[in-house]
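Under the working numbering, the first residue of the sequence shown carries the number 16, and numbering increases by one thereafter.
What follows is a set of notes on a single structure, which appears directly below.
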Amino acid sequence: MNKVILITGAARGIGRDIAETLAKNPDNIIIANYNKSEEQAKEMQLKLKKENINIEIIKADVSKRDEVKKMIEEVLNKYKKIDVLINNAGISQYKLFNDITDDDWDNIININLKSAFIVSQEVVRNMIQNKSGCIINISSIWGVIGASMEVAYSTSKAGVIGLTKSLAKELGPSNIRVNAIAPGIIDTGMNARFSEDEINSIKEEIPLEKIGKTADVTRCVQWLINDEYTTGQVISINGGWDI
Ligand code: NAP
């Protein structure tokens with residue numbers, strides 16, 4: 016049976032790897048959301064097309080209810096269902112606590128946390144009707160243990176964990192599983208600000224002595240999609256950085 020899978024923020028980084036990898040399974044129908052990276056989304060679609068793989072790309076700022084509503088309506092009109100939602104879109108910010116403005120705070124919370132609330136709410140109505148669903152929220156190691164200079168980001172990602180656990184309890188009876196992945200440091204544009212020396216000293220703190228790859232997160236996503244008895248969990252993919 017086909018699985019309709021929506022991934023937010025899927026034109027770049029972790030979301031893109033998830034989209035491209037899952038698209039290789041012909042049973043999956045991939046809906047790749049993007050906001051600013053239209054060019055990269057189109058380039059990904061074309062690249063896959065050359066391999067005879069079709070994916071849908073769809074624009075929406077996931078922090079905005081009206082845009083999300085329109086996106087979900089469009090998907091449901093065409094495919095009638097959404098089986099898997101991956102709330103991946105996110106931004107980070109590195110600032111001293113005292114320098115964080117109200118706008119910084121609102122922006123991070125809206126894009127990283129409110130988006131997961133809005134998109135999940137719009138999708139869950141359909142999942143409840145179908146008595147089936149899988150939601151995977153991409154949190155962060157910093158949502159678990161907190162990060163200096165990333166208070167707003169860590170707070171948003173801790174919020175994602177709260178959303179995951181409470182939603183898992185509420186939606187369990189409807190056969191909808193809700194889990195979070197908390198990656199450590201993964202090699203994407205989000206970490207472009209680090210110098211080589213900084214990356215090397217981060218590696219020294221990680222028991223597996225390496226930076227994660229997007230594929231490390233994708234493998235966990237694949238496992239969670241296929242699993243049937245895991246819900247409300249936060250899975251740490253971080254090379255042992257938090258032990
Ligand atoms: P990335 O390469 O910077 O990509 C971020 C993605 O989020 C982009 O696809 C971007 O889409 C999307 N996005 C941002 N604002 C959006 C909005 N308003 N609406 C829709 N999409 C939006 O970062 P990444 O490393 O892949 O991060 C993906 C997720 O993993 C994030 O939630 C991040 O917090 C989390 N994470 C990353 C790491 C890491 O080390 N990389 C570690 C832990 C957790 P557009 O470009 O189209 O706007």
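We put the beta carbon where it would ideally sit given N, CA and C, even for glycine.
Quick check: the Cα distance between residue i and residue j, rounded to an integer number of angstroms?
i: Glu-82; j: Glu-220; result: 41 Å
i: Val-90; j: Asn-48; result: 11 Å
i: Ile-214; j: Ile-153; result: 22 Å
i: Lys-51; j: Ala-75; result: 9 Å
i: Glu-276; j: Pro-188; result: Since the first residue of the chain shown is 16 and the last is 258, residue 276 is not available in this structure.
i: Asn-141; j: Asp-257; result: 37 Å
i: Glu-243; j: Arg-192; result: 8 Å
i: Ile-124; j: Tyr-168; result: 8 Å
i: Met-205; j: Gln-108; result: 9 Å
i: Lys-225; j: Lys-93; result: 42 Å
i: Lys-84; j: Cys-149; result: 19 Å
i: Lys-172; j: Leu-63; result: 31 Å
i: Ala-26; j: Ile-73; result: 10 Å
i: Leu-39; j: Thr-116; result: A quick correction: the sequence has Lys, not Leu, at residue 39. Answer to the nearest angstrom: the Cα atoms are 43 Å apart.
i: Asn-122; j: Ile-176; result: 19 Å
So, under 8 Å CB-CB, residue i and residue j are touching, yes? Tell me the CB distance rounded to an integer number of Å.
i: Asn-17; j: Asp-42; result: 6 Å
i: Lys-129; j: Asp-119; result: Not really, about 15 Å apart at Cβ, beyond 8 Å.
i: Thr-23; j: Val-77; result: 5 Å
i: Ala-162; j: Ser-251; result: Incorrect: roughly 14 Å between the Cβ atoms, too far for contact.
i: Thr-233; j: Ile-33; result: 5 Å
i: Ile-45; j: Ile-20; result: 6 Å
i: Gly-199; j: Gly-254; result: 6 Å
i: Gly-105; j: Ile-126; result: 6 Å
i: Leu-186; j: Ala-131; result: Leu-186 to Ala-131, Cβ: 14 Å. No contact.
i: Leu-239; j: Ile-151; result: 5 Å
i: Ile-101; j: Val-249; result: Not quite, the Cβ-Cβ distance comes to about 15 Å (not below 8 Å), so this is no contact.
Based on the DSSP output, what are the partners of residue i in its beta bridges?
i: Pro-198; result: Ile-252
i: Val-301; result: Nothing can be reported for residue 301, as the shown portion of the chain is limited to 16 through 258.
i: Ile-191; result: Gly-148
i: Ile-153; result: Ile-196
i: Tyr-270; result: Residue coverage of the chain in this structure runs from 16 to 258, which leaves residue 270 outside it and unanswerable.
i: Tyr-49; result: Lys-74
Can you find a C-beta in chain D that's less than 8 Å from the C-beta of residue i?
i: Ile-45; result: Given the protein chain composition of this structure (a single chain), no chain D is represented.
The region 130 to 143 touching the region 173 to 182, judged by at least three CB pairs closer than 8 Å: The count of Cβ pairs closer than 8 Å, one atom from the region 130 to 143 and one from the region 173 to 182, reaches three, so the stretches are in contact.
Ordered list of alpha helix (DSSP H) runs contained in the region 54 to 137, each at least 4 residues: As far as the region 54 to 137 is concerned, its whole alpha helix (DSSP H) runs of at least 4 residues are 80 to 94, 117 to 124.
Inside the region 215 to 242 only - alpha helix (DSSP H) runs reaching at least 4 residues: The region 215 to 242 is shown to contain whole alpha helix (DSSP H) runs of 4 or more residues at 229 to 241, in chain order.
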